[in-house]
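Quick mapping for you: the protein sequence lines, in order, are chains A and B. Using our numbering, the letters of the first sequence correspond one by one to residues 62 to 441. Using our numbering, the letters of the second sequence correspond one by one to residues 62 to 441. A virtual CB, placed ideally from N, CA and C, is assigned to each residue, including glycine. Source: prediction; values computed, not measured.
2 protein chains.
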Amino acid sequence: MEIETYLPQIAKDLKVDKERLEEEYRKGNILVGTDYKIPYLRFKKGEHDIEEGTVVFLGKQLVYARGFPKIRRAMFLKGALKKHLEGKFKAEEKLDGYNIRTVYLDEVVCLTRKGIVCPYTTEHVKELLKNSKFFEEHRDMMLCGEVVGLRNPYQTKSYPEAKEFGYFIFDIKDRKTGRSVSVEERDRLTVKYGLPCVRNFGVFTAKDSERLLALVRKLGSEGREGVVLKSLDMERQVKYTSNQSTNNDLRYAFKFVFDYGQQFMFRRLIREAFQAYELGLAGKELEKEAAELGKSILIPMVETIKRIAEGKEVTEDFEIAVPDATFGKAFVEHLKHLGVKATIEHVSKGKKETIIKVKRHYPSTNDKTRAYLSGEFCSD
Amino acid sequence: MEIETYLPQIAKDLKVDKERLEEEYRKGNILVGTDYKIPYLRFKKGEHDIEEGTVVFLGKQLVYARGFPKIRRAMFLKGALKKHLEGKFKAEEKLDGYNIRTVYLDEVVCLTRKGIVCPYTTEHVKELLKNSKFFEEHRDMMLCGEVVGLRNPYQTKSYPEAKEFGYFIFDIKDRKTGRSVSVEERDRLTVKYGLPCVRNFGVFTAKDSERLLALVRKLGSEGREGVVLKSLDMERQVKYTSNQSTNNDLRYAFKFVFDYGQQFMFRRLIREAFQAYELGLAGKELEKEAAELGKSILIPMVETIKRIAEGKEVTEDFEIAVPDATFGKAFVEHLKHLGVKATIEHVSKGKKETIIKVKRHYPSTNDKTRAYLSGEFCSD
Chain A
62 MEIETYLPQI AKDLKVDKER LEEEYRKGNI LVGTDYKIPY LRFKKGEHDI
112 EEGTVVFLGK QLVYARGFPK IRRAMFLKGA LKKHLEGKFK AEEKLDGYNI
162 RTVYLDEVVC LTRKGIVCPY TTEHVKELLK NSKFFEEHRD MMLCGEVVGL
212 RNPYQTKSYP EAKEFGYFIF DIKDRKTGRS VSVEERDRLT VKYGLPCVRN
262 FGVFTAKDSE RLLALVRKLG SEGREGVVLK SLDMERQVKY TSNQSTNNDL
312 RYAFKFVFDY GQQFMFRRLI REAFQAYELG LAGKELEKEA AELGKSILIP
362 MVETIKRIAE GKEVTEDFEI AVPDATFGKA FVEHLKHLGV KATIEHVSKG
412 KKETIIKVKR HYPSTNDKTR AYLSGEFCSD
Chain B
62 MEIETYLPQI AKDLKVDKER LEEEYRKGNI LVGTDYKIPY LRFKKGEHDI
112 EEGTVVFLGK QLVYARGFPK IRRAMFLKGA LKKHLEGKFK AEEKLDGYNI
162 RTVYLDEVVC LTRKGIVCPY TTEHVKELLK NSKFFEEHRD MMLCGEVVGL
212 RNPYQTKSYP EAKEFGYFIF DIKDRKTGRS VSVEERDRLT VKYGLPCVRN
262 FGVFTAKDSE RLLALVRKLG SEGREGVVLK SLDMERQVKY TSNQSTNNDL
312 RYAFKFVFDY GQQFMFRRLI REAFQAYELG LAGKELEKEA AELGKSILIP
362 MVETIKRIAE GKEVTEDFEI AVPDATFGKA FVEHLKHLGV KATIEHVSKG
412 KKETIIKVKR HYPSTNDKTR AYLSGEFCSD
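Below, the structure written as structure tokens:
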């Protein structure tokens, strides 16, 4: 397959300079995916107005799926609203799962944030959408939503509304231009086609930072993450999350402390401080917030050390629900190609689906902890 | 001054290959200090058996001051003792100050860890040693010790035994070879010459990890740092510190959160977990330890944000005691050359000495915090 021959048409379709596109390809910033029946290009870096994760399916017709742009995070809500969200905006729930874009070729196809076709998510979303006529009538559109629930290999978190697997739409875009429909239009479409949508908390203005902060904290106390704030035309978006949710992230990351980037933890520590400040926490209240933070750091690390000292391995265990064992095994191989050190622990064939228990391994955390326990010095 | 002409003699004296030494000099790993009346070379990196911070004074005679080697840190005391400290060893107090080597040329000269002549420390140590005949009788030796107390520009921490300025010897070395005298000989010399020495907690073996852990925690509860464990021949040394002291470090670093390396904090979080594990903390005890950790992280950050939100600057304020204002001003200039953003806030001339109040500025923390408060997005 001569990828170069596609580039002039792609450049034209995406309205970018052909030479620049060719250069990006030569530099390795546009990768070729061959893990789907139709080969596809995937933009590794966001450059020249093309978002990271943008995909081009190289079928008889080129089909595009523009990358989902990063939503910026407010550190100090009051300041960020004033600076970035003039006028009215909507607050919607930010779910804690993984971002999936869905397009339709001759069938539903689901793409991860990075633009990799996920056969597992595709299978489930196909099932969810089987009675919806959305793509029949809107072939050029792309559904953008969050997958949540316990049964997935990326981010396992259960929600009452989607214990095992749920897909909640937060944006509908033109797949080729990446342009979003308005919030109103998105709501009309999701209702009309029976598509599950993220929760809507109503309309706010920049003066409502305290109310929004209270809302986010309430969500946090319910084990939920936070909000995305969107101007009604979808032009400006800001995300903001609760410290309780940040503590969840920290608990997870400190369990696998030597496998996670320090920056991951560090940014979260800083976020927590800004939220505590914005809430005006002081005295006992601030100490309580600090204690929660401390527990989220120390306890998972101590549990990890204890487990490894007992000669066990610290792993992440999750389940996937697949049509059959062959599909499941192929998907775990796919995960391995993506760099996830996964092994299948158990396969149980049910009537409707096969449940596969998967173990994810974190060699750095296990090896390093074992080394320290055996007396190895710290590098400082 | 032709530095190259000194290199053959230095190579011979230090028993290293001449070509290699010349190469290190060409590569910029050996710097020239001209801030002292006698110019000196300073080894930036520890290589070819020459410790980082090694100094060669280029006077009529070459005078050496070998760098003080890094003492490795135990993460898990029980494991580290078993692995690294066979037989009997001594436990001495690790003071929380800065490492200073003192040699004698035609006068006392004090060197920082990196091998920079510190005129301020030199002035004070000269005063402390003025009645000691140590260097008169041991011209080839080098005193290695910790400077502690409130009045210094590097690490301000008061000790009951040295509120403002103290210098406590922990090692005596041959200045040219870097070879340490035995613990016994060091004790004999410090007693004979009236030199203050770090505290001695007695002799232990690898079986005493629990006792040592209890000792370290007791030191921590007294606001002290920890211990250095030394084989009696000084050949093997291990340091170990208390979580309480680590929390002190964290409180300080999180106050200036954007000016500190993430690794600084990160390593300390991990240390705390290993200590909590080794102590067998669980349930309420572990929660208490976690709460202390959390407070050390969150509270200083919130205080910093609050202060900056009030339009103030977050700075580090310290005092130095100098012979006169001219000396003080020159020393603050010296600090600036070392990269410390310092300004003189107040000069008060006393009978015996002049006290200068210095403010150290942390531009990253102040700027970044201000930006977030004004609504700037976080980079993730």
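Segment limits, beta strand (DSSP E) that includes residue i
i, result
"residue 316/B", "Where residue 316/B is concerned, there is no enclosing beta strand (DSSP E), although the alpha helix (DSSP H) it sits in stretches over 304-316."
"residue 236/A", "Note, residue 236/A: premise wrong, no beta strand (DSSP E); not H, not E."
"residue 135/B", "133-135"
"residue 92/A", "91-94"
"residue 419/A", "415-422"
"residue 207/A", "202-209"
"residue 118/A", "116-119"
"residue 129/B", "Run containing residue 129/B: none; DSSP gives neither H nor E here."
"residue 104/B", "101-104"
"residue 111/B", "Element bounds for residue 111/B: n/a, residue is neither H nor E."
"residue 217/A", "Neither: residue 217/A is in no beta strand (DSSP E) and is coded neither H nor E."
"residue 159/B", "159-165"
Where residue i falls: helix, strand or coil (DSSP)
i, result
"residue 446/B", "The shown model of chain B, from 62 to 441, leaves out residue 446/B, and the question about it has no answer."
"residue 269/A", "helix"
"residue 427/A", "helix"
"residue 286/B", "coil"
"residue 154/B", "strand"
"residue 333/B", "helix"
"residue 178/A", "strand"
"residue 327/B", "helix"
"residue 227/B", "strand"
"residue 71/A", "helix"
"residue 123/B", "strand"
"residue 84/A", "helix"
"residue 190/A", "coil"
"residue 212/A", "coil"
"residue 274/B", "helix"
"residue 173/A", "coil"
Where the alpha helix (DSSP H) through residue i begins and ends
i, result
"residue 140/A", "138-145"
"residue 66/A", "Per DSSP, residue 66/A belongs to no alpha helix (DSSP H) and is neither H nor E."
"residue 196/A", "195-198"
Check whether residue i and residue j have beta carbons under 9 Å apart
i, j, result
"residue 429/B", "residue 406/B", "no"
"residue 381/A", "residue 213/A", "yes"
"residue 357/B", "residue 315/B", "yes"
"residue 154/A", "residue 287/A", "yes"
"residue 295/B", "residue 243/B", "yes"
"residue 313/A", "residue 134/A", "no"
"residue 317/B", "residue 250/B", "no"
"residue 348/A", "residue 141/B", "no"
"residue 241/A", "residue 149/A", "no"
"residue 114/A", "residue 163/A", "no"
"residue 265/B", "residue 274/B", "no"
"residue 185/A", "residue 226/A", "yes"
"residue 91/A", "residue 119/A", "no"
"residue 304/A", "residue 278/A", "yes"
"residue 299/A", "residue 146/A", "yes"
As an exercise, report each continuous alpha helix (DSSP H) stretch of at least 4 residues that is fully enclosed by the segment 238-266 of chain B, in chain order.
Whole alpha helix (DSSP H) segments, 4+ residues: 244-253.
Please name the residues in the segment 205-221 of chain A whose beta-carbon is closer than 8 Å to at least one beta-carbon of chain B, in chain order.
Closer than 8 Å at the C-beta level to chain B, one finds no residue of the segment 205-221 of chain A.
Using Cβ-Cβ distances below 8 Å, what residues of the segment 323-337 of chain A are close to chain B?
323, 324, 326, 327, 328, 330, 331, 332, 333, 334, 335, 337
When Cβ atoms are compared, which residues of the segment 138-149 of chain B fall closer than 7 Å to chain A?
Within the segment 138-149 of chain B, the residues whose Cβ lies closer than 7 Å to some Cβ of chain A are 140, 141, 143, 144, 145, listed in chain order.
Under 9 Å, CB to CB, which of the residues in the segment 255-285 of chain B have a partner in chain A?
none
Using a Cβ cut-off of 9 Å, which residues of the segment 126-137 of chain A contact any Cβ in chain B, in chain order?
131, 133, 134, 135, 136, 137
Along the segment 237-252 of chain A, where does the CB come closer than 7 Å to a CB of chain B? Name the residues.
none
My parser needs the beta strand (DSSP E) runs of 3 or more residues fully inside the segment 329-393 of chain B; what are they?
376-383
Members of the segment 290-316 of chain B that neighbour chain A once the beta carbon cut-off is set at 7 Å
none
Could you please tell me which residues of the segment 91-125 of chain A, in chain order, have their CB closer than 9 Å to any CB of chain B?
Those would be none; no residue qualifies.
The segment 416-440 of chain B: positions lying closer than 7 Å to chain A by Cβ
Against chain A - using a Cβ distance shorter than 7 Å - the residues of the segment 416-440 of chain B are 433, 434, 435, 436, 438, 439.
Give, in chain order, every residue of the segment 180-208 of chain A whose Cβ lies closer than 8 Å to some Cβ of chain B.
none
Using a Cβ-Cβ cut-off of less than 9 Å, give me the residues of the segment 150-177 of chain A that come near chain B, in sequence order.
Residues of the segment 150-177 of chain A that bring their beta carbon within less than 9 Å of a beta carbon in chain B are absent altogether.
Anything in the segment 370-393 of chain A with a Cβ closer than 8 Å to a Cβ of chain B? List those residues in chain order, please.
370
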